[in-house]
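Before any comments, here is the structure.
Numbering (the numbering used here), first residue to last: 1048 to 1383.
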């Protein structure tokens, strides 16, 4: 029922997930000039590698990325990493934000080879040398997953399967790590469940697309064994585990809403879209009916509910924790 092209999936998963910010570039240039003056002043008084430079360097990285001055951002990032590693050691967590920015610069420039090298180093740090709270580690894993999802769309075709497999495996690890560390009541846990469900969806897109991506995603063992899932079985498995994650979100979502019935009813719409994507018509109709009845019971007009139900494909895939009014406003904006 619902079929998404690769560009449409990209928009649903990423572009609509972020609000549009109207930038005042004149003010941005002024802010950059002010921070550069501050940087030079601190440098003159405390030296080229003073730890007091970290704060203005961090600000300059963010401002340069906003202004799309990627070369400048790269210079500031390199200098900040030098200082942080000299002061705090090679594996300290203070470098994580700068490493993330360095990866973003490479991706924005289309340098996926360098982006993946830096991403692999960040993954190694988070896996082997992590220092810090469990919830921050989960946030880093979530960011890494999002980077691999972006790579699926933007990197070369030969790397599609690599990004899909990494996104799914890291998402699964992050979910289990959250469960083991008592983070299931955190909003980040629900975000992870949704991200994992979206990872399964992307794997299905890769399977349906055929070619080497489909073979690599369906491989059941090391390449030398040459054992693959059948396409139908691979899709069925991902349908079931993805649906399981969405139902987990439905169960937990009431804790993050003022109205638990509205939360569950909105989750039903996402579940219905998932079922529709896999042509599970009977299950789809049940979820639609349950969600519609719940929203009307909450107090929304049937005509307004039916308007939202008329095209579930434009619901934002990156956020399930929307009230009915928020989702309706979003779909109205997307439809304009």
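Where a beta carbon is used, it is the ideal one built from N, C-alpha and C, also for glycine.
- [ ] Quick one: grab the DSSP three-state call for residue 1304.
- [x] For this step, residue 1304 is matched to residue 257 along the chain shown. DSSP places residue 1304 in coil when its eight states are reduced to three.
Task: Spatial distance of residue 1159 from residue 1308 (CA atoms) - done: For this step, residue 1159 is matched to residue 112 along the chain shown. For this step, residue 1308 is matched to residue 261 along the chain shown. Residue 1159 and residue 1308 have their C-alpha atoms some 44 Å from each other.
Open item on the list: Rounded to the nearest angstrom, what separates residue 1228 and residue 1125 at their Cα positions?
Closed with: The sequence position of residue 1228 within the chain shown is 181, counting from 1. The sequence position of residue 1125 within the chain shown is 78, counting from 1. Answer to the nearest angstrom: the Cα atoms are 34 Å apart.
TODO: Classify residue 1241 as buried or exposed, calling it buried when 16 or more other Cβ atoms lie within 10 Å of its own Cβ.
DONE: If you number the chain shown from 1, residue 1241 lands on position 194. Residue 1241 is buried by the Cβ-count criterion.
Open item on the list: Can you tell me whether residue 1068 is helix, strand or coil according to DSSP?
Closed with: Reading the chain shown from its first residue, position 21 is the one you call residue 1068. Here residue 1068 scores only 46 on pLDDT, less than 50, and its place in the model should not be relied on; the value that follows carries that caveat. DSSP places residue 1068 in coil when its eight states are reduced to three.
TODO: Find the nearest neighbour of residue 1130 within the set 1105, 1113, 1174 and 1152, judged by alpha-carbon distance.
DONE: For this step, residue 1130 is matched to residue 83 along the chain shown. The shortest Cα separation from residue 1130 among 1105, 1113, 1174 and 1152 belongs to 1105.
- [ ] Could you say if the region 1363 to 1377 and the region 1325 to 1334 meet the contact criterion of at least three C-beta pairs nearer than 8 Å?
- [x] no
TODO: Answer yes or no: do residue 1079 and residue 1118 have a C-beta to C-beta separation smaller than 8 Å?
DONE: As a working note, residue 1079 is residue 32 in the chain shown. As a working note, residue 1118 is residue 71 in the chain shown. In this structure, residue 1118 does not lie closer than 8 Å to residue 1079 by Cβ.
TODO: Measure the alpha-carbon distance for residue 1255 versus residue 1311 and round it to whole angstroms.
DONE: Position 208 of the chain shown, counted from the start, is the residue given in the question as residue 1255. Position 264 of the chain shown, counted from the start, is the residue given in the question as residue 1311. Taking the straight line from one Cα to the other gives about 31 Å.
- [ ] Would you check if the region 1260 to 1268 and the region 1316 to 1324 touch, i.e. whether three or more CB-CB distances between them fall below 8 Å?
- [x] no
Task: Unbroken alpha helix (DSSP H) run spanning residue 1129, endpoints - done: Taking the chain shown and counting its residues from 1, one reaches residue 1129 at position 82. Taken as a continuous stretch (DSSP letters only), the alpha helix (DSSP H) holding residue 1129 covers 1117 to 1135.
Task: Alpha carbon of residue 1287 to alpha carbon of residue 1121, nearest angstrom - done: Locating residue 1287 in the chain shown gives position 240, where the first residue counts as 1. Locating residue 1121 in the chain shown gives position 74, where the first residue counts as 1. If you take the alpha carbons of residue 1287 and residue 1121, they lie about 43 Å apart.
- [ ] Look at the Cβ atom of residue 1376, then the Cβ atom of residue 1313, and state whether they are nearer than 8 Å.
- [x] Counted from its first residue, the chain shown places residue 1376 at position 329. Counted from its first residue, the chain shown places residue 1313 at position 266. Taking 8 Å as the Cβ cut-off, residue 1376 and residue 1313 do not qualify as a contacting pair.
Open item on the list: I'd like to know whether the C-beta atoms of residue 1192 and residue 1218 end up nearer to each other than 8 Å.
Closed with: The residue given as residue 1192 occupies position 145 in the chain shown. The residue given as residue 1218 occupies position 171 in the chain shown. Taking 8 Å as the Cβ cut-off, residue 1192 and residue 1218 qualify as a contacting pair.
Task: Own chain residues within Cβ distance below 8 Å of residue 1068, not counting five before or after - done: Residue mapping note: residue 1068 aligns to position 21 of the chain shown, counting from 1. Bear in mind that the predicted position of residue 1068 carries a pLDDT of just 46, short of 50, making it unreliable; the figure below should be weighed with that in mind. Counting only Cβ-Cβ distances below 8 Å, and skipping sequence neighbours, we find nothing.
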